[in-house]
Ligand code: PXP
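Numbering (the working numbering), first residue to last: 208 to 448.
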């Protein structure tokens, strides 16, 4: 499986002080150097983490593919067609949410999305839809002519984290069967959300023949922070000698 490293929460930390550090651009370059197959970032309508300038800088500096997560709005369409990421992933967005909750309701938005997606096809930008693992969403994704679906793994992650392993396995089965359906229709299949160092191994073992790529953000950035604290404190202490 490929890894899309999502660097949004580097920007979350920076925005907490509205300063220049930590830099999402540096984080993207380091993730690339460590072997990430793709850099994923979400330019939210409320700009709570990634800013427009981050997207432009990262697009220019990074050579692995860029996956831009965004709400299907006209503003985001204009930005994406100008910056030209390799892929856009359409996600639902609500201002009050803590993170992307639930998948895009492609069934309900079918007419709108079909029109919306056309411009990206012409611009050679791959279109992926972040959906719940439900067959009707997969069929609708095919009808609107998306190239790929990203299956929402949040439910699986929550079940695993709550030690409900049998239920988590059932959720994996659902992801598997919906993923296979998507592949049979010619859609590429990715997955992500809520994945951690603990809950990812089981998912990889069971889905590696169905899912091509995982997009992981919060857990990677969280661990990067903790794994780096000792060095950061040691370096600061040197300044005090
Ligand atoms: N995939 C999609 C479509 C997302 O919206 C997100 C969250 O921005 C992720 C993956 C990554 O989720 P997490 O930060 O929980 O790893």
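No residue lacks a Cβ here, since even glycine has one placed at the ideal position from N, Cα and C. Only a predicted model underlies this, so the values are computations on that prediction, with no experimental measurement involved.
Inspect the beta-carbon positions of residue i and residue j and report whether they are closer than 8 Å.
i	j	result
residue 212	residue 265	no
residue 410	residue 402	yes
residue 394	residue 353	yes
residue 350	residue 329	no
residue 274	residue 299	no
residue 413	residue 383	yes
residue 326	residue 284	yes
residue 313	residue 348	yes
Taking all protein chains shown into account, do 16 or more other C-beta atoms lie within 10 angstroms of the C-beta of residue i, making it buried, or fewer, making it exposed?
i	result
residue 338	buried
residue 357	buried
residue 363	buried
residue 268	exposed
residue 344	buried
residue 301	exposed
residue 270	exposed
For the ligand PXP, I want to know if residue i counts as a neighbour, meaning its beta carbon is within less than 7 Å of at least one of the ligand's heavy atoms.
i	result
residue 402	yes
residue 460	Residue 460 lies beyond the stretch modelled for the chain, which goes from 208 to 448, so this question has no answer here.
residue 443	no
residue 406	no
residue 337	yes
residue 354	no
If you drop the 5 nearest sequence neighbours on each side, which residues of the same chain put their C-beta closer than 7 Å to that of residue i?
i	result
residue 419	208, 209, 395, 396, 397
residue 238	212, 214, 246
Only counting the same chain, and skipping five residues up and downstream in sequence, which positions put a Cβ closer than 8 Å to that of residue i?
i	result
residue 459	Not covered by the structure: residue 459. The range shown for the chain is 208 to 448.
residue 259	250, 286
residue 228	221
Could you pull out every residue in the same chain whose Cβ sits closer than 6 Å to the Cβ of residue i, ignoring the five residues on either side in sequence?
i	result
residue 250	257, 262, 277
residue 422	211, 213, 247, 399
residue 225	none
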